[in-house]
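Line by line, the protein sequences are chains A and B. So the first sequence is numbered by the numbering used here: it starts at 1 and just counts up by one. So the second sequence is numbered by the numbering used here: it starts at 112 and just counts up by one. Let me begin by presenting the structure, written as structure tokens, before commenting on it.
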Amino acid sequence: NAGVTQTPKFRVLKTGQSMTLLCAQDMNHEYMYWYRQDPGMGLRLIHYSVGEGTTAKGEVPDGYNVSRLKKQNFLLGLESAAPSQTSVYFCASSYGGETQYFGPGTRLLVL
Amino acid sequence: AQSVAQPEDQVNVAEGNPLTVKCTYSVSGNPYLFWYVQYPNRGLQFLLKYITGDNLVKGSYGFEAEFNKSQTSFHLKKPSALVSDSALYFCAVRDRQRGSYIPTFGRGTSLIVHP
């Protein structure tokens with residue numbers, strides 16, 4: 001039982017490049033979330049999903065897209081990376097919107 | 112709307128002394144309340160939660176939290192701090208009546224336990 005996994009762990013991008021962050025969970029959770037963590041800002045919700053095939057915007061969705069084609073996977077895409085997207089990205093999942101289980105994070109540096 | 116405040120960016124305590132990390136919340140209805148801990152370069156880990164029932168909730172690693180409805184607080188406590196407790200602590204709230212399953216997180220409190 002791996003819980004929540006994220007790939008990659010670390011990535012460096014140039015401004016304008018695109019990439020996809022992958023989150024996978026093996027707990028059969030309906031809810032999945034993408035957050036970014038910046039110093040002094042706490043956790044900010046980017047997008048979330050309440051089930052396979054459904055996604056919704058969170059607090060800071062601009063510049064990001066997501067997809068939930070399979071229940072166990074939640075993908076976060078950056079179409080054209082900007083330096084302001086330098087951050088640590090966390091994925092989480094939960095059953096019924098209660099206790100969240102977090103992945104180890106992806107550190108992204110946009111130059 | 113739901114919100115949560117952690118009024119202290121940093122808490123310093125000596126090893127062996129009791130510790131308190133403060134959290135206050137605001138919801139329209141009744142709250143679900145959570146504490147999470149984040150060690151350096153790691154994801155958040157669940158510590159404890161209040162759903163209903165006993166106001167004193169016990170969690171992992173000897174931590175506990177007291178739900179106080181009149182003061183809208185959910186402070187995290189531990190009777191005797193360890194150096195290994197040094198980490199970033201997040202309080203989160205979700206409004207049960209709101210019908211949303213999205214919690215709101217505080218900005219986090221850095222706990223530093225000195226040997």
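Where a beta carbon is used, it is the ideal one built from N, C-alpha and C, also for glycine.
{"query": "Chain B contact residues for A/M41, given Cβ-Cβ distances below 8 Å", "result": "R218"}
{"query": "Continuous beta strand (DSSP E) stretch holding B/H186: start and end", "result": "184–189"}
{"query": "Beta-bridge pairing of B/T160 - partner residues as DSSP gives them", "result": "The sequence as given places Lys at residue 160 of chain B; Thr does not occur at that position. Partner(s): B/F145."}
{"query": "Nearest-angstrom Cα separation, counted from B/G127 out to B/L193", "result": "6 Å"}
{"query": "Min CB distance B/L155 to chain A below 8 Å", "result": "yes"}
{"query": "Cβ distance (whole Å) where B/C134 is taken to contact B/Q121 below 8 Å", "result": "Going by Cβ atoms, the distance from B/C134 to B/Q121 rounds to 15 Å, so no, they are not a contact pair."}
{"query": "Distance between A/S93 and B/R239 (C-alpha atoms, nearest Å)", "result": "Outside the displayed span of chain B (112 to 226) sits residue 239 of chain B, for which this structure offers no information."}
{"query": "C-alpha gap between A/P61 and B/P226, whole angstroms", "result": "42 Å"}
{"query": "Interface flag, B/I315 vs chain A, CB-CB below 8 Å", "result": "For residue 315 of chain B there is no data in the structure shown, the boundaries of chain B being 112 and 226."}
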